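Chains as they are written, first to last, in this note's numbering: chain A, 1 to 303; chain B, 304 to 606.
Cβ coordinates follow ideal geometry from the N, Cα and C atoms, glycine included.
From a predicted model like this one, the values you see are computed outputs, not experimental measurements.
This report concerns only the one structure given below.
Number of protein chains: 2
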Amino acid sequence: MNFELNILGCGSAKPTTHHQPTSQILNVRGKYFMIDCGEGAQTQMQMMGLSMANIGHIFISHNHGDHVFGLPGLIGTMDLLGRTAELHIHGPQQVGEMLEFLQHIYYAEIGYEVIFHPIDTRQHQLIFEDRSITVHSIPLEHRIPSVGFLFREKPGLPHIRREMIDAFQIPVSQINNIKAGASWTTEDGTVIPHERLTTPATPSRSYAYCSDTIYLPELKEIIKGVNLLYHEATYMHERALRAEQTRHTTALQAATLARDAEVGQLCVGHFSAAIKDEAALLREAQSVFPNTVLAKEGLVISI
Amino acid sequence: MNFELNILGCGSAKPTTHHQPTSQILNVRGKYFMIDCGEGAQTQMQMMGLSMANIGHIFISHNHGDHVFGLPGLIGTMDLLGRTAELHIHGPQQVGEMLEFLQHIYYAEIGYEVIFHPIDTRQHQLIFEDRSITVHSIPLEHRIPSVGFLFREKPGLPHIRREMIDAFQIPVSQINNIKAGASWTTEDGTVIPHERLTTPATPSRSYAYCSDTIYLPELKEIIKGVNLLYHEATYMHERALRAEQTRHTTALQAATLARDAEVGQLCVGHFSAAIKDEAALLREAQSVFPNTVLAKEGLVISI
């Protein structure tokens with residue numbers, strides 16, 4: 001079952017020929033959750049063969065152009081493609097103002113509804129759930145209100161041990177009960193406990209997105225043990241002062257957070273246009289947290 | 304002296320993997336005039352090695368997303384690049400509403416001024432001039448107010464015939480006068496007429512942009528004899544009804560206008576995403592007007 005991250009863009013505000021502005025698709029079993037939507041995101045989706053029809057929810061971290069200026073075009077294209085399903089957009093209050101303007105001027109007559117869900121960027125709380133996942137907000141700190149996202153699969157059911165079912169001749173009709181936690185009583189009254197009939201559920205997978213933000217060591221509690229962390233690393237640590245001033249993070253800091261939060265893997269992105277040697281940035285991060293990769297347009301990470 | 308058209312994008316509203324939405328740069332001796340600004344225009348400029356600093360004026364045909372959604376990002380990038388020069392944007396009144404919104408929400412503190420010049424889309428009139436060119440509006444007809452642009456070099460001065468200057472020993476100080484139309488009187492009182500001292504000025508070059516619009520045969524008067532006409536050809540003529548309904552033009556119609564207006568060359572663009580065989584579209588246009596080319600991202604046409 002898919003749980004994979006697709007990088008559409010991982011540059012920062014000043015465009016370059018080698019990076020697109022920020023946007024990602026988290027593919028959870030065929031449902032696409034878009035995270036940020038920089039200019040050109042829809043083109044990148046087409047290049048990667050990702051269908052816009054699969055997007056139900058878009059999560060926007062903050063209202064800077066390099067994270068939202070792909071929305072106007074995307075909303076229009078979805079209409080041209082005949083969308084009728086609601087599109088839910090979650091983000092700081094300011095993002096709602098843009099959506100309101102777009103609906104007023106450009107999209108008064110589109111064939112589907114765009115529903116905005118404001119996020120309190122100061123709270124770590126549940127902002128969305130469906131049958132398969134939960135999404136929690138992660139309070140970040142940037143020049144304007146900014147928020148990260150923690151995607152977590154809901155725990156699955158335990159797996160039935162086929163050989164036990166056969167051995168005790170348990171009828172098929174009981175299998176859902178057993179999965180849900182029931183034990184089994186044989187004809188002679190022996191109770192076979194649930195644990196003997198099943199193996200534990202597949203561990204649920206998780207993904208945390210933190211961009212744009214200064215280095216916040218306290219985030220380690222929220223993102224503890226996630227399988228994959230995407231964290232901005234706009235600068236190398238030699239420009240730590242610049243990072244502090246512009247409310248961004250260095251590669252070293254991102255890796256330190258990954259290490260302290262004991263995540264499985266770190267993906268760094270949101271590179272400053274001034275970064276000429278990304279390999280050096282990667283080495284810096286890996287010196288603290290070896291299991292780090294560089295984001296790159298077109299990269300797909302299976303979690 | 305440059306007078307060349309750079310195609311940044313020539314697709315229509317529904318994005319494809321092979322075309323970007325509409326945008327062009329007309330390079331007049333190093334001054335860039337941008338025409339329309341679809342999403343991704345700034346990236347295309349970078350790909351083509353065109354500097355955003357050279358843009359002084361942007362002309363917007365109409366307020367549909369595929370012609371304007373590159374503006375938000377472009378305006379921000381120009382600020383990040385340290386722009387201080389005024390940026391002039393010309394277009395139908397509705398474009399001004401977007402600029403106002405952008406300035407209010409995103410660009411309250413940028414380091415340069417964006418000045419909007421509304422265009423009356425029903426009039427054919429002078430909307431801009433500087434030392435080297437004039438720009439006239441071309442009334443178009445689309446689903447919303449839409450306007451084309453006629454760029455025309457100002458007539459240059461005649462060229463001095465060096466051998467006549469030498470023969471009559473005319474002092475250098477008189478050359479500007481002669482270029483400006485003066486004759487020369489020799490010491491013995493003989494008048495050498497201006498025409499003998501000069502050859503005619505280089506013919507001034509012209510470019511007309513017509514998109515988006517239905518086929519308007521009467522435009523032939525306005526664009527008579529231009530060196531290059533860019534005209535939308537969203538559909539092939541087998542879909543003439545669809546073109547009529549959506550207020551677009553077919554390849555055959557665009558070529559008919561080019562022929563009737565006796566233009567030098569026709570470049571067709573704004574292709575519907577449904578066009579699979581652009582060669583067929585080109586053949587259709589060339590059957591009426593042979594000197595037709597297909598627009599293409601990255602194409603540069605020297606006029």
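| task | Return the bridge partner residues of H90 (chain A) from the DSSP annotation. | result | Working through the first sequence from its first residue, we reach residue 90 (chain A) at position 90. For H90 (chain A), which the question treats as bridged, DSSP gives the partners A:F59, A:H117.
| task | Could you tell me which chain A residues have their CB closer than 8 Å to the CB of K317 (chain B), listed as they occur along the chain? | result | Taking the second sequence and counting its residues from 1, one reaches residue 317 (chain B) at position 14. Ordered by position in chain A, the residues that pass the 8 Å Cβ test against K317 (chain B) are T77, L80, L81.
| Beta carbon proximity, M236 (chain A) to chain B, threshold 8 Å | For this step, residue 236 (chain A) is matched to residue 236 along the first sequence. Judged by the 8 Å Cβ criterion, M236 (chain A) is not in contact with chain B.
| task | Return the chain-ordered list of same chain residues with a C-beta closer than 8 Å to the C-beta of Y410 (chain B), the five sequence neighbours on each side being excluded. | result | Position 107 of the second sequence, counted from the first residue, corresponds to residue 410 (chain B). Excluding sequence neighbours, Y410 (chain B) sits near I378, G379, D382, V417.
| Going straight from the alpha carbon of E39 (chain A) to that of L26 (chain A), what length do you get? | Against the first sequence, residue 39 (chain A) aligns to sequence position 39. Against the first sequence, residue 26 (chain A) aligns to sequence position 26. Rounded to whole angstroms, E39 (chain A) to L26 (chain A) spans 18 Å at the Cα level.
| task | Note down, in chain order, each residue of its chain lying with its Cβ closer than 8 Å to the Cβ of T16 (chain A), except the 5 sequence neighbours on either side. | result | Here the question's residue 16 (chain A) lines up with position 16 in the first sequence. Once the five neighbours on either side are set aside, the close Cβ partners of T16 (chain A) are A273.
| query | Are the Cβ atoms of T516 (chain B) and H445 (chain B) separated by less than 8 Å? | reply | Looking up residue 516 (chain B) in the second sequence gives position 213. Looking up residue 445 (chain B) in the second sequence gives position 142. Yes.
| said: Please list, in chain order, the chain A residues whose beta carbon lies closer than 7 Å to that of E400 (chain B). | reply: Residue mapping note: residue 400 (chain B) aligns to position 97 of the second sequence, counting from 1. Result: I105.
| query | Should G368 (chain B) be flagged as near chain A, meaning a C-beta pair shorter than 8 Å? | reply | In the second sequence, counting from the first residue as 1, residue 368 (chain B) sits at position 65. Yes, G368 (chain B) counts as interfacial toward chain A.
| message | Does E195 (chain A) pass the burial test, meaning 16 or more other C-beta atoms within 10 Å, or should it be called exposed? | response | Numbered from 1 along the first sequence, position 195 holds the residue referred to as residue 195 (chain A). Per the 10 Å Cβ criterion, exposed.
| request: Could you check which residue in A:K220, A:T22, A:K14, A:R29 has the C-alpha nearest to that of E4 (chain A)? | output: Taking the first sequence and counting its residues from 1, one reaches residue 4 (chain A) at position 4. Nearest option by C-alpha distance: A:R29.
| said: Do S206 (chain A) and V226 (chain A) count as a contact pair if the criterion is CB distance below 8 Å? | reply: Against the first sequence, residue 226 (chain A) aligns to sequence position 226. Against the first sequence, residue 206 (chain A) aligns to sequence position 206. Yes, these two residues count as a Cβ contact at 8 Å.
| task | Quick one: grab the DSSP three-state call for V475 (chain B). | result | Counting from one through the second sequence, the residue named residue 475 (chain B) turns up at place 172. It is helical.
| task | Starting from the N-terminal side, write out each stretch of the beta strand (DSSP E) that is 3 residues or longer and does not extend beyond the segment 2 to 79 of chain A. | result | 3 to 9, 23 to 28, 31 to 37, 55 to 59
| Q349 (chain B) touches chain A at which residues, Cβ-Cβ below 8 Å? | On the second sequence, position 46 is the one that residue 349 (chain B) refers to. Under the 8 Å cutoff, chain A gives P15, T16, T17.
| message | Less than 8 Å between the C-beta atoms of A543 (chain B) and T553 (chain B), yes or no? | response | Taking the first residue of the second sequence as 1, we reach residue 543 (chain B) at position 240. Taking the first residue of the second sequence as 1, we reach residue 553 (chain B) at position 250. Cβ distance < 8 Å, so A543 (chain B) and T553 (chain B) count as in contact.
| query | Is the distance from the Cβ of K579 (chain B) to the Cβ of C313 (chain B) below 8 Å? | reply | Along the second sequence, read from residue 1 onward, the residue named residue 579 (chain B) stands at position 276. Along the second sequence, read from residue 1 onward, the residue named residue 313 (chain B) stands at position 10. Not in contact: K579 (chain B) and C313 (chain B) (Cβ atoms no closer than 8 Å).
| Candidates A:M34, A:S61, A:I165: closest to G91 (chain A) by CA position | Against the first sequence, residue 91 (chain A) aligns to sequence position 91. That would be A:S61, whose Cα lies nearest to the Cα of G91 (chain A).
| message | Is G484 (chain B) close to chain A? Criterion is C-beta to C-beta, closer than 8 Å. | response | The residue you call residue 484 (chain B) lines up with position 181 of the second sequence. Chain A, which has no Cβ nearer than 8 Å to the Cβ of G484 (chain B), makes this no.
| said: Tell me which residue opens and which closes the alpha helix (DSSP H) that T489 (chain B) is part of. | reply: What you label residue 489 (chain B) is simply residue 186 of the second sequence in a count that begins at 1. No alpha helix (DSSP H) holds T489 (chain B); DSSP gives it neither H nor E.
| request: My understanding is that I119 (chain A) touches S137 (chain A), with C-beta atoms under 8 Å, so please give their C-beta distance in whole angstroms. | output: The residue you call residue 119 (chain A) lines up with position 119 of the first sequence. The residue you call residue 137 (chain A) lines up with position 137 of the first sequence. That pair is a contact at about 5 Å.
| query | Does the pairing of the segment 217 to 237 of chain A with the segment 258 to 265 of chain A give three or more beta-carbon distances under 8 Å? | reply | yes
| said: Only counting the same chain, and skipping five residues up and downstream in sequence, which positions put a Cβ closer than 7 Å to that of L429 (chain B)? | reply: Counting from 1 along the second sequence, the entry for residue 429 (chain B) is found at position 126. The residues are T437, H439.
| query | Are the beta-carbon atoms of S507 (chain B) and E587 (chain B) separated by less than 8 Å? | reply | One-based indexing of the second sequence puts residue 507 (chain B) at position 204. One-based indexing of the second sequence puts residue 587 (chain B) at position 284. Contact: no.
| field | Rounded Cβ spacing between I58 (chain A) and M34 (chain A) (contact assumed at less than 8 Å) | value | As a first step, residue 58 (chain A) is located in the first sequence; it is residue number 58 there, counting from the start. As a first step, residue 34 (chain A) is located in the first sequence; it is residue number 34 there, counting from the start. Indeed they touch by this definition, with Cβ atoms about 4 Å apart.
| field | CB contact below 8 Å: E163 (chain A) versus chain B | value | Residue 163 (chain A) sits at position 163 when you count from the first residue of the first sequence. Not closer than 8 Å to any Cβ of chain B, the Cβ of E163 (chain A) fails to qualify, so no.
| query | Whose C-alpha, out of A:F101, A:T246, A:M52, is nearest the C-alpha of E86 (chain A)? | reply | For the purposes of this step, residue 86 (chain A) is taken as the residue at position 86 of the first sequence. That would be A:M52, whose Cα lies nearest to the Cα of E86 (chain A).
| Using 8 Å as the limit for Cβ to Cβ distance, is T437 (chain B) near chain A? | By one-based count along the second sequence, residue 437 (chain B) stands at place 134. Not closer than 8 Å to any Cβ of chain A, the Cβ of T437 (chain B) fails to qualify, so no.
| query | According to DSSP, is I463 (chain B) helix, strand or coil? | reply | What you label residue 463 (chain B) is simply residue 160 of the second sequence in a count that begins at 1. It is a strand residue.
| task | Measure the Cβ-Cβ separation of T325 (chain B) and D369 (chain B) and say whether it is below 8 Å. | result | Here residue 325 (chain B) refers to the residue found at position 22 when the second sequence is read from its first residue. Here residue 369 (chain B) refers to the residue found at position 66 when the second sequence is read from its first residue. Cβ distance < 8 Å, so T325 (chain B) and D369 (chain B) count as in contact.
| field | Check whether M281 (chain A) and A233 (chain A) have beta carbons under 8 Å apart | value | The count along the first sequence starts at 1 and reaches residue 281 (chain A) at position 281. The count along the first sequence starts at 1 and reaches residue 233 (chain A) at position 233. For the record, residue 281 (chain A) in the displayed sequence is Leu; it is not Met. Yes, they are a contact pair.
| query | What span of residues does the beta strand (DSSP E) with T292 (chain A) cover, start to end? | reply | To locate residue 292 (chain A), count along the first sequence from 1; it is residue 292. First-last of the beta strand (DSSP E) with T292 (chain A): 292 to 294.
| request: Please specify which runs of the beta strand (DSSP E), each continuous and at least 3 residues long, are wholly inside the segment 540 to 572 of chain B, giving them in chain order. | output: 568 to 572
| field | Contact with chain E by F419 (chain B), beta-carbon distance below 8 Å | value | This model lacks chain E altogether, as its protein chains are A and B.
| task | Compare the C-beta of E39 (chain A) with all C-beta atoms of chain B and state if any pair is closer than 8 Å. | result | Counted from its first residue, the first sequence places residue 39 (chain A) at position 39. True, the Cβ-Cβ gap to chain B drops below 8 Å.
| task | Less than 8 Å between the CB atoms is what I'm expecting for T185 (chain A) and P158 (chain A), so what's the real figure, rounded? | result | Stepping through the first sequence from its first residue, residue 185 (chain A) is reached at position 185. Stepping through the first sequence from its first residue, residue 158 (chain A) is reached at position 158. That pair is no contact at about 19 Å.
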